[in-house]
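Residue 0 is where the sequence shown starts when you use the working numbering, and the numbers rise one by one after that.
Report on one structure; see the data block that follows.
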Amino acid sequence: MAYDAMRWWSALDEEVQGSWRLLRRAMISRYRPMFHGGSGEEAEKFVRGVCDKAIDEGKQKDNDWIVTYASSCLAGEALRWYAYLDPDTKHNWEKLQQALLTQYPRGGTTGPGLNMVPTPPAAASPAPAAKPSRRGRIRVSNSSNSTHHYLSQCLSSSNRIGSTPSPSDALEVEWSTGSDGLQILSIPN
Numbered sequence: 000m001a002y003d004a005m006r007w008w009s010a011l012d013e014e015v016q017g018s019w020r021l022l023r024r025a026m027i028s029r030y031r032p033m034f035h036g037g038s039g040e041e042a043e044k045f046v047r048g049v050c051d052k053a054i055d056e057g058k059q060k061d062n063d064w065i066v067t068y069a070s071s072c073l074a075g076e077a078l079r080w081y082a083y084l085d086p087d088t089k090h091n092w093e094k095l096q097q098a099l100l101t102q103y104p105r106g107g108t109t110g111p112g113l114n115m116v117p118t119p120p121a122a123a124s125p126a127p128a129a130k131p132s133r134r135g136r137i138r139v140s141n142s143s144n145s146t147h148h149y150l151s152q153c154l155s156s157s158n159r160i161g162s163t164p165s166p167s168d169a170l171e172v173e174w175s176t177g178s179d180g181l182q183i184l185s186i187p188n
C-alpha cells in the first residue's frame with residue numbers, strides 16, 4: 000500500500016504537490032473516509048468527511064448521492080448497525096447523521112481515528128484494531144409497537160427498571176471482553 004501511495008504522489012503534478020487545497024481535493028477523490036463504528040469522535044469525523052466530499056463534488060444538496068456515498072463508506076460494526084436501520088433513516092441524510100451521532104455518542108470509548116482507505120482498485124481495507132470496550136444503550140422493542148425505547152437510567156417509583164423513548168435519558172452501558180475471554184456488560188460511572 001505504501002508503494003501505491005508513493006506512485007500516486009509522484010504522478011501528481013507539482014502544482015498539486017505544492018498546494019494543500021489541491022492536494023486535499025486529490026486525496027478525497029482517491030481515498031474515502033471509512034467508518035467502523037469505533038467512537039463518537041470517529042463518527043463526527045466521518046460525518047464531516049462525507050459533508051466535505053459532497054461539497055467538493057458539488058453534491059451538498061443531493062440527498063440521494065450523499066446517503067449512497069455515506070453507506071458505501073461503512074464497515075465492520077457500523078455496517079452491521081446500518082443494515083438494521085429503517086429505510087426512512089437510510090435514505091435521508093439528516094436522519095442518518097442524527098442516527099450515527101446518537102448510536103456513537105461523544106465521550107464513548109475512543110477508537111482509531113478516521114480511517115482513510117483507498118478506493119478500488121487499491122487493496123481491501125484492513126480490519127479495525129481490537130477495541131478494549133464499547134459504550135452504548137440497550138434498545139428494547141415490542142412486537143405490537145414500532146416505537147423504539149431504551150432502558151432508562153432512572154428507576155421507577157417502585158424501584159424497577161423502566162424504558163424511555165429518549166436516547167439522552169437512556170442508561171449507558173459498557174461492553175468489553177475480559178482477560179478470560181468472557182463478555183462483560185457493565186454500567187460506567
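Ideal placement from N, C-alpha and C gives every residue a C-beta, glycine not left out.
Predicted, not measured: the structure shown is a model, and the values here were computed from it.
| Item | Value |
| --- | --- |
| Residues of its chain near P166, where Cβ-Cβ distance is below 7 angstroms and the 5 sequence neighbours each way are ignored | T101, R136, Y149 |
| Three-state secondary structure assigned by DSSP to Q59 | coil |
| Buried versus exposed, by CB contacts within 10 Å (16 or more), P32 | buried |
| Under 9 angstroms between C-beta atoms of D61 and A74 | no |
| DSSP three-state assignment for R105, whether helix, strand or coil | coil |
| W149 - partner residues in DSSP beta bridges | Here the sequence assigns Tyr to residue 149, which means Trp is not the residue at that position. R138, T163, per the DSSP bridge assignment. |
| C-alpha distance - V139 paired with L181, whole-angstrom precision | 24 angstroms |
| Alpha-carbon spacing of Q96 relative to V66, whole angstroms | 10 angstroms |
| Residue of E76, G161, D87, L170 minimising C-alpha distance to P187 | L170 |
| Cut-off 8 angstroms between Cβ atoms - residues of its own chain near S71, not counting five sequence neighbours on either side | R31 |
| For G177 and S38, the rounded distance between their alpha carbons | 20 angstroms |
| Option nearest C42 by Cα separation, candidates D55, Q59, E76 | Residue 42 is actually Ala in this sequence, not Cys. A42 has its Cα closest to that of E76, out of D55, Q59, E76. |
| Three-state secondary structure assigned by DSSP to I65 | helix |
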